[in-house]
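In terms of our numbering, the sequence shown has 881 at position 261, counting the first letter as 1, and numbering is strictly consecutive.
Virtual Cβ for every residue (Gly too), placed ideally from N, Cα, C.
One structure is given here, and the rest of the page talks about it.
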Amino acid sequence: MKKHLVIVESPSKSKTIEKYLGKEYRVVSSKGHVCDLATSGKEGLGIDVDHDFEPKYKISKEKKEIVKELKEYASKAQDIYLASDPDREGEAIAWHLARVLDLNTEDNNRIVFHEITKPAILEAMKEPRKIDMDLVKSQETRRMLDRIIGFKLSKLLQNKIQSKSAGRVQSVALKLIVDRENEIKAFKQEEYWTIHAQCKKQNKAFEADLVKVEGKKPKIKNEEEAKALLERCNGEYIVSSISKKQKKKQPKLPFTTSTMQQEASTKLGFGAKKTMSVAQKMYEGIDLGGNMEGLITYMRSDSTRLSDIFVSDAKEFITNTYGKEYVGHVHQKNGKNTQDAHEAIRPTNINRTPESIKDHLTNDQYRLYSLIYARTLASLMKDAVYDVTSVKITNNDLEFSASGQTMTFDGYYKVYSKYEKQSDALLPKMEENEVLKNVTPTSKQHFTEPPARYTEARLIKDLEEKSIGRPSTYATIIDTLQKRGYASLEKTSETSKTKVFIPSEQGILTNEKLQQYFSSVINVEYTADMEKTLDEIAEGNEDSVSYMHKFYDKFAPLVEDAYEKMPKKELERVGRTCPECGGELVYRNGRFGKFISCINFPTCRYTENDEEELPEEAKEEKICPNCGAKMVIKRGRYGQFWACSNYPECKTIESLKKKAKPEPTGEICPECGHELVRRKSRFGTTFIGCSNYPKCHYIKKEPKKTEEDK
């Protein structure tokens, strides 16, 4: 009997969904995209620029076997449903699958779900639709823009200044980091002072700030001006007015991709890449004691919408757990660029509390799930309520102000207090026209501070607010900036956990050249307008081909001009000649750090490591024991090693560091009678073990050293 075939993106989803659908269905995975733009044709773009930007697609090398399997499944299937992720990338994957499997794109064979739960899957199967070609066109246009800008700028920068890459969004993110660094360098610190009245009444101390001098806001530039004001504080301190009001504080909205990344960064210390990885696993399904369950809705979402069914369930949960007085109302705010009909990132089941499933989660999963759960639940709870008291205190023609607040109803803080701090600063009871007896005026010196460097959370927030790229791509952008060596995340101090982006010299140079020659394209406004146009293409309100022409007619001349006018960065000379061709040796930056190569590369491919970076044992000549050729130092992903210069004919490699020979101890192994020796472990520590290893695994247990021994 032929089965219904359902194709999803991720293998971890397939088993869960197949279990939900039953024996009549086979659920298999495409493992993401099966096709991508080719790297053939003019400039290796995979796009026919001269014929209305016709893209040329090819099946990725690593996906050929998967496509072969999918075709085999398809040939035996009763019908086929394309169930890739519910966004533009997912729509494009569905379209490519339809192409390679010869499916009719006019058929209702596309199904979409936003959470992996049985009700959601079964409901989606009832409402298959056609592939949305407007979404496909939007994704295709984005991919072509990324390819053209990325390929052309990367090739230019590699040729001119040895930078590794540039990109449509990546380069704007780099610009933000470099611009902020320039602001910090240009910042001039200024001194200023503030005046305070330290008050005490009924054993309660509080501080009032000087806010007006002769009815105007004070500007105190130096210590002399501060002293002059302190000398004027010689009369009575009179409570001139007391105002009391109630203040409400709303809970924050449920998570979008961007706000989840920001909160996970500040509250949990997760990088954007880690947050998305942990969230994806929870979306695809966690084994809860024999049952695979998707714990959260789709983790790529710009929306703060919650489904009516979920809201109803959550309100019932709040009533039963905390009381009816804690039930709030739905808050929703979707921006102009909100994509598709997604929901916010929320738990799939509000009754599945973090504590109830803690034993089935890793520590990272538990922490992120707890944050998502608390944020979603809090968003549907009542506002927190405060009584706020503001007091004005006068002394001659000086006016001081103090305020305090008391939480009278905790509202959403009942579940979100762990993630959001609040203070209860209380004032003692006072009456109008009361004279305060115990008051000491003081002054404080301050200095203006430069703008703060970008943390991951701050950069993500800025990118989203400026409509640069999509939140689902921020993790990749941040990762790429670091991999390319353009910026690094570094602690603000030795004791601080906060890390900020600091641009490297190469990052600063890359941004400088891009702004010199491509400032009309690599900027916040142009990139944001591009995102807006991609949205319009997705909605069917903009023609993708005409937009590509408009973009290319502006961009191509800029590239030609840069090739002609941008000077080449001079390579730093080593001061020696190449032993193979006589050309000069120069320093280059490679994937694994600084190295030395011939200036005539790629004609001459001689390379060697930077002597300064080599350990002492690598600075002597070494001969290959197998073929007699000279051994050279190479650097791999795990560090440096000896390799035969006759590669690939001879593939001899050796560890750079010689292994220390075991030292005899004079003791005998109690298990096999061989001699015991002292060895060095891979962690650099020493231990005593049997010389008959690996036949005998005996290791002598040594007593722990006392503080005196140490």
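Residue i to residue j span [Cα, whole Å]
{"i": "residue 1198", "j": "residue 1224", "result": "9 Å"}
{"i": "residue 1038", "j": "residue 888", "result": "11 Å"}
{"i": "residue 1344", "j": "residue 766", "result": "The chain is shown from 621 up to 1330; residue 1344 falls before or after that span and cannot be answered."}
{"i": "residue 1118", "j": "residue 1034", "result": "28 Å"}
{"i": "residue 846", "j": "residue 1053", "result": "27 Å"}
{"i": "residue 640", "j": "residue 659", "result": "40 Å"}
{"i": "residue 1189", "j": "residue 783", "result": "10 Å"}
{"i": "residue 987", "j": "residue 930", "result": "22 Å"}
{"i": "residue 868", "j": "residue 1060", "result": "33 Å"}
{"i": "residue 1126", "j": "residue 752", "result": "42 Å"}
{"i": "residue 626", "j": "residue 701", "result": "5 Å"}
{"i": "residue 1182", "j": "residue 774", "result": "12 Å"}
{"i": "residue 1244", "j": "residue 1272", "result": "7 Å"}
{"i": "residue 1142", "j": "residue 1105", "result": "19 Å"}
{"i": "residue 962", "j": "residue 925", "result": "7 Å"}
{"i": "residue 1333", "j": "residue 1128", "result": "This structure leaves residue 1333 out entirely; the chain is present only between 621 and 1330."}
{"i": "residue 750", "j": "residue 727", "result": "6 Å"}
{"i": "residue 906", "j": "residue 965", "result": "16 Å"}
{"i": "residue 729", "j": "residue 1267", "result": "53 Å"}
{"i": "residue 960", "j": "residue 950", "result": "Confidence at residue 960 is low in this model, with a pLDDT of 43, below 50, so the placement of that residue is unreliable and no value is reported for it."}
{"i": "residue 1102", "j": "residue 1056", "result": "58 Å"}
{"i": "residue 899", "j": "residue 919", "result": "6 Å"}
{"i": "residue 1275", "j": "residue 1307", "result": "22 Å"}
Presumed contact (8 Å Cβ cut-off) between residue i and residue j, rounded CB distance
{"i": "residue 1004", "j": "residue 1024", "result": "With 8 Å as the limit, residue 1004 and residue 1024 do not qualify as a contact, their Cβ atoms being about 16 Å apart."}
{"i": "residue 1252", "j": "residue 1228", "result": "6 Å"}
{"i": "residue 1000", "j": "residue 948", "result": "5 Å"}
{"i": "residue 635", "j": "residue 697", "result": "Rounded, the Cβ-Cβ distance is 18 Å, inconsistent with contact."}
{"i": "residue 908", "j": "residue 977", "result": "6 Å"}
{"i": "residue 763", "j": "residue 657", "result": "6 Å"}
{"i": "residue 1051", "j": "residue 833", "result": "Actually they are not in contact, since the Cβ atoms of residue 1051 and residue 833 sit about 25 Å apart, beyond 8 Å."}
{"i": "residue 1130", "j": "residue 794", "result": "7 Å"}
Residues that residue i bridges to, as DSSP identifies them
{"i": "residue 1109", "result": "1121"}
{"i": "residue 813", "result": "840 and 1065"}
{"i": "residue 1298", "result": "1283 and 1308"}
{"i": "residue 701", "result": "626"}
{"i": "residue 866", "result": "1007"}
{"i": "residue 1022", "result": "1011"}
{"i": "residue 859", "result": "1013"}
{"i": "residue 1056", "result": "857"}
{"i": "residue 1197", "result": "1204"}
{"i": "residue 913", "result": "906"}
{"i": "residue 982", "result": "Paired residue(s): none; residue 982 is not in a bridge."}
{"i": "residue 1227", "result": "1217"}
{"i": "residue 657", "result": "677"}
Same chain, Cβ closer than 7 Å to residue i, neighbours up to 5 away in sequence not counted
{"i": "residue 1282", "result": "1297, 1298, 1299 and 1311"}
{"i": "residue 1026", "result": "1006, 1007, 1044 and 1046"}
{"i": "residue 809", "result": "1067 and 1068"}
{"i": "residue 942", "result": "1034"}
{"i": "residue 1242", "result": "1251 and 1262"}
{"i": "residue 776", "result": "1179, 1182 and 1183"}
{"i": "residue 1249", "result": "1264, 1265, 1266 and 1270"}
{"i": "residue 723", "result": "700 and 729"}
Spatial neighbours of residue i in its chain, beta-carbon cut-off 6 Å, leaving aside the 5 residues before and after
{"i": "residue 1090", "result": "none"}
{"i": "residue 815", "result": "830, 849 and 1063"}
{"i": "residue 864", "result": "1009"}
{"i": "residue 881", "result": "892, 895 and 1080"}
{"i": "residue 785", "result": "774 and 1104"}
Cβ-based neighbour list, residue i, same chain, cut-off 8 Å, excluding 5 preceding and 5 following
{"i": "residue 733", "result": "703, 706, 740, 741, 743 and 744"}
{"i": "residue 957", "result": "Any reading at residue 957 must be qualified, since the residue scores a pLDDT of 45, below 50, and its modelled position is unreliable; the value itself is stated next. These residues qualify, in order along the chain: 922, 1087, 1151, 1152 and 1155."}
{"i": "residue 901", "result": "632 and 985"}
{"i": "residue 876", "result": "921, 922, 923, 924, 964, 965 and 1091"}
{"i": "residue 1206", "result": "1191, 1192, 1193, 1194, 1216, 1217, 1218 and 1219"}
{"i": "residue 1200", "result": "1218, 1224 and 1226"}
{"i": "residue 873", "result": "879, 924, 951, 952, 953, 964 and 999"}
{"i": "residue 822", "result": "1048 and 1049"}
Beta carbon proximity, residue i to chain C, threshold 9 Å
{"i": "residue 907", "result": "The structure shown contains no chain C; it is built from a single protein chain."}
Residue i: CB within 8 Å of a non-hydrogen atom of the ligand ZN
{"i": "residue 864", "result": "As for the ligand ZN, it is missing from this structure, which has no ligand bound."}
key: Cβ contact (3+ pairs, closer than 8 Å) linking the segment 663 to 675 and the segment 1165 to 1175   = By the Cβ criterion, the segment 663 to 675 is in contact with the segment 1165 to 1175, since at least three pairs of Cβ atoms, one from each stretch, lie closer than 8 Å.
ask   = So, do the segment 646 to 663 and the segment 736 to 756 have three or more beta carbon pairs nearer to each other than 8 Å?
value = Taking one beta carbon from each stretch, the segment 646 to 663 and the segment 736 to 756 have fewer than 3 pairs nearer than 8 Å; the two do not touch.
query = Should the segment 1067 to 1081 be regarded as contacting the segment 881 to 896, the criterion being three or more beta carbon pairs within less than 8 Å?
reply = Counting C-beta pairs with one atom in each stretch, the segment 1067 to 1081 and the segment 881 to 896 have three or more that are closer than 8 Å, which means they touch.
ask   = Would you say the segment 677 to 694 touches the segment 781 to 800, given that touching needs at least three Cβ pairs under 8 Å?
value = When C-beta atoms of the segment 677 to 694 are compared with those of the segment 781 to 800, fewer than three pairs fall below 8 Å, so the two segments do not count as touching.
inquiry  = Quick test of the definition: if touching needs 3 or more C-beta pairs under 8 Å, does the segment 1011 to 1024 touch the segment 905 to 917?
reply    = These segments do not touch.
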